[in-house]
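Numbering (this note's numbering), first residue to last: 10 to 629.
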């Protein structure tokens, strides 16, 4: 890492950017450029760099940057003791001039965010405290992800309140893990904390690790493996994980040396697939999961259309006691803002201007920012426009399509999706081999592009032509339709295995032949339908799987068809299920399963009001 040094003027020198993949692991390494632009660059230089810069996240944060208001003092580095005596490295950024100042807290496992959060906000008149969380970088103690953040966050806030440079008005900011550190203490905030700004995060860690019993390999596997690698080697670490770890049987036999200090936590994740397991119901995880119910300050949340946190974020936002004073911005892209193959001409460009306006209001005396009306500010995929809705979901009706023509479903789009319910019973079968899983292409459950292409991707016809994929397609749409809410899919299935998995992927098949994925999901049989504990399953038994897909705002074009692909794997986004009722991560010899589909339906949430087709129009 190249660190910024302070000049006599108190401005940071240029920070050399590291590999952009840290976008995915730490909410966008590209933001390092923001420090350069916000601190030392002229307006012309900003424009030139903006034009040359690659990456959606970079462009978003550079646009509409307000004029700097302050210089900065040299950074002070301290070691702040926690209640158990462990000291955490803490950096203090103070503006020039007379204090005390409103104060920002950033708690960070990545050792980078101070450069493009604190190093920017200090120049807008905010004191900023950056802290390496326990067990990371310069902080002492053992790395145990998520479970120490509640006590350490509370202790750090108490320490800040004893400092003379703070004025009793505090905000906490950060995305991804930095957002989780906020949820960890959200229900025990001192009155001096006036607002939270947690991006792409929520507090239910089980949902980050498992999806209906399927391990989220493309998220937690690559994150755990890459976390203790140098930032410059993050991309190589993700590729190494894909080659050496992903898909290994048994998963518990992975080489611990590759994970470093993350191994113990990763191993625990592999061993606890049940939501109701005492591991997930521990006081630490329970408090983190439920803390949002006690939030009493306004919250500014930024989510992403193809982010694995999205469903939990919407659920959290809807339950906030301060829902009427809070704002949810749903921007395009995956966890790091990468939109994939979709053309996004209207990205979320106002990140820092919105953050500063929000802070100026809640920590200062500025009026409420007009551009941040409470409710949802939503990017409409497929229309390239934004709209505002006070409620979620903004729908008035649902439309149900039924799976039909099962005998043709082995061909790509050969089965059909019909409004009428099939009269005659049908079935179609396929064999699923865990050693030859259906590959991931796009979706919300990939953390690094070195593992698989994320977000929206052209699905083509090669995957749906596989022998282990069933494919159903609707008639062409006669008019534009707006999906807004959670799509529900029901399948009646059976398996020759004592446990297995089924996957679904819904896509839009455009008239020109392009096929963009909208949403996908997975469920095991014994942990189906979001159950807390294993359910009994006998081979050959017919059971109904209910998939509640992550929320979406997506415009369907007239002339397009809906395509639903059904399989039993989506790898490496999720582990390839070994077709055993033993602990999945302990199975050394996976078996081939004979899978059968008997019926199914697709329920679509249709928006009540039409959306302007004018690209770029922002609907207020």
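Just so it is clear, CB atoms sit at the ideal spot from N, CA and C, and this is done for glycine as well. Predicted, not measured: the structure shown is a model, and the values here were computed from it.
(request) For residue 275, count neighbouring C-beta atoms within 10 Å of its own C-beta (all shown protein chains included) and say buried if the count is 16 or more, exposed if not. (result) It is buried - the Cβ of residue 275 has at least 16 other Cβ atoms within 10 Å.
(request) Would you tell me roughly how many angstroms separate the C-alpha atoms of residue 407 and residue 282, rounded to the nearest one? (result) Their Cα atoms are separated by approximately 33 Å.
(message) Among 76, 222 and 184, whose alpha-carbon lies nearest the alpha-carbon of residue 126?
(response) Of 76, 222 and 184, the residue nearest in Cα terms is 184.
(message) Suppose the cutoff is 8 Å on Cβ atoms and the five residues either side in sequence are ignored; what does the same chain contact list for residue 324 look like?
(response) For residue 324, where only same-chain residues beyond five positions count, the Cβ hits under 8 Å are 211.
(request) Output the distance between the C-alpha atoms of residue 288 and residue 156, rounded to the nearest integer angstrom. (result) Each residue's Cα considered, the two are about 11 Å apart.
(message) Using 8 Å as the cut-off, can you tell me whether the region 359-379 makes contact with the region 463-474, which would need three or more C-beta pairs spanning the two stretches below that distance?
(response) Taking one beta carbon from each stretch, the region 359-379 and the region 463-474 have fewer than 3 pairs nearer than 8 Å; the two do not touch.
(request) Leaving aside the five residues before and after residue 36 along the sequence, list all residues of the same chain whose C-beta is less than 6 Å from its C-beta, in chain order. (result) A caution first: residue 36 carries a pLDDT of 38, below 50, which makes its placement in the model unreliable, though a value can still be read off. Hits under 6 Å: 184 and 185.
(message) Restricting to runs no shorter than 3 residues, where is the beta strand (DSSP E) found entirely within the region 202-237?
(response) The qualifying runs are 202-208.
(request) Kindly indicate the opening and closing residues of the beta strand (DSSP E) around residue 395. (result) Unbroken beta strand (DSSP E) run through residue 395: 394-398.
(message) For a quick check, are the C-beta atoms of residue 604 and residue 509 less than 8 Å apart?
(response) Cβ atoms of residue 604 and residue 509: closer than 8 Å.
(message) I need the boundaries of the alpha helix (DSSP H) containing residue 292, first residue and last residue.
(response) Start and end: 292-299.
(request) Kindly confirm or deny that the region 594-604 and the region 527-546 touch, where touching means at least three C-beta pairs closer than 8 Å. (result) The region 594-604 makes no contact with the region 527-546; the number of CB pairs closer than 8 Å stays below 3.
(message) Going by C-alpha to C-alpha distance, which of 536, 607 and 490 sits closest to residue 566?
(response) Check the Cα spacing between residue 566 and each of 536, 607 and 490: the tightest is with 490.
(request) Consult DSSP for residue 259 and reduce its assignment to one of helix, strand or coil. (result) In the three-state reduction of the DSSP assignment, residue 259 falls in the coil class, being assigned neither a helical nor a strand state.
(message) Please list the terminal residues of the continuous alpha helix (DSSP H) segment that includes residue 683.
(response) Past the boundaries of the shown model lies residue 683; the chain is included only from 10 to 629, so the question cannot be answered.
(message) Taking 7 Å as the limit between beta carbons, can you name the residues of its chain near residue 439, skipping five residues before and five after?
(response) Here the set comprises 476, 477, 479 and 604.
(request) Report back the beta-carbon spacing between residue 452 and residue 526 to the nearest angstrom; my notes put them in contact at under 8 Å. (result) Between residue 452 and residue 526 the beta-carbon gap is near 6 Å, inside 8 Å, which marks them as a contact.
(request) Spatial neighbours of residue 316 within its chain, please: CB distance less than 7 Å, with the 5 preceding and 5 following residues excluded, ordered by chain position. (result) Excluding residues within five positions, the ones whose Cβ falls inside 7 Å are 209, 343, 344 and 453.
(request) Give me the Cα-Cα distance between residue 500 and residue 606, rounded to the nearest whole angstrom. (result) If you take the alpha carbons of residue 500 and residue 606, they lie about 7 Å apart.
(request) Out of 160, 519, 503 and 573, point me to the one whose CA is closest to residue 441's CA. (result) Comparing Cα positions, the closest option is 503.
(request) Pull up the distance between the alpha-carbon of residue 664 and that of residue 482, whole angstroms please. (result) Past the edges of the chain, shown from 10 to 629, lies residue 664, and the structure says nothing about it.
(request) Assign residue 262 to one of two classes, buried (16 or more other C-beta atoms within 10 Å of its C-beta) or exposed (fewer than that). (result) When all chains shown are included, residue 262 counts as exposed.
(message) Let me make sure I understand the geometry here. Which of 561, 87 and 190 has the alpha-carbon closest to that of residue 116?
(response) Checked all of 561, 87 and 190; the closest Cα to residue 116 is 190.
(message) Let's see if you can read the secondary structure: which residues bound the alpha helix (DSSP H) around residue 112?
(response) No alpha helix (DSSP H) holds residue 112; the beta strand (DSSP E) holding it covers 110-117.
(message) Once DSSP output is grouped into helix, strand and coil, what is the label at residue 581?
(response) DSSP places residue 581 in coil when its eight states are reduced to three.
(message) Rounding to the nearest angstrom, what Cα-Cα distance links residue 614 and residue 372 in this structure?
(response) Looking at the two C-alpha atoms, the distance is approximately 39 Å.
(request) Return the chain-ordered list of same chain residues with a C-beta closer than 7 Å to the C-beta of residue 297, the five sequence neighbours on each side being excluded. (result) Excluding five sequence positions before and after residue 297, the CB atoms of its chain that fall closer than 7 Å to its own CB belong to 155, 159, 192, 193, 212 and 214, given in chain order.
(request) Using a threshold of 8 Å, state whether the C-beta atoms of residue 77 and residue 132 are closer than that. (result) Cβ atoms of residue 77 and residue 132: closer than 8 Å.
(request) Kindly identify the DSSP beta-bridge partner or partners of residue 124. (result) By DSSP's assignment, residue 124 forms no beta bridge with any residue.
(request) With DSSP collapsed to three states, give me the class of residue 595. (result) It is helical.
(message) Checking the sheet assignment: what are the DSSP bridge partners for residue 511?
(response) 532, per the DSSP bridge assignment.
(message) What would DSSP say about residue 133, mapped onto helix, strand or coil?
(response) Three-state DSSP puts residue 133 in a helix.
(message) If you measure between the beta carbons of residue 188 and residue 237, is that distance less than 8 Å?
(response) Judged by beta-carbon spacing, residue 237 lies beyond the 8 Å limit of residue 188, meaning their Cβ atoms are not closer than that value.
(message) Contact defined as beta carbons within less than 8 Å: I believe residue 279 pairs with residue 260. What is the distance between those atoms, to the nearest angstrom?
(response) At roughly 5 Å, the Cβ-Cβ gap stays under 8 Å, so residue 279 and residue 260 are in contact.
(request) Go through its chain and collect everything with a Cβ distance to residue 264's Cβ below 6 Å, but skip five positions before and after it. (result) So no residue of the chain qualifies.
(request) Would you mind reading off the limits of the beta strand (DSSP E) that contains residue 384? (result) If you look at residue 384, you'll find it in the beta strand (DSSP E) that goes 384-389.
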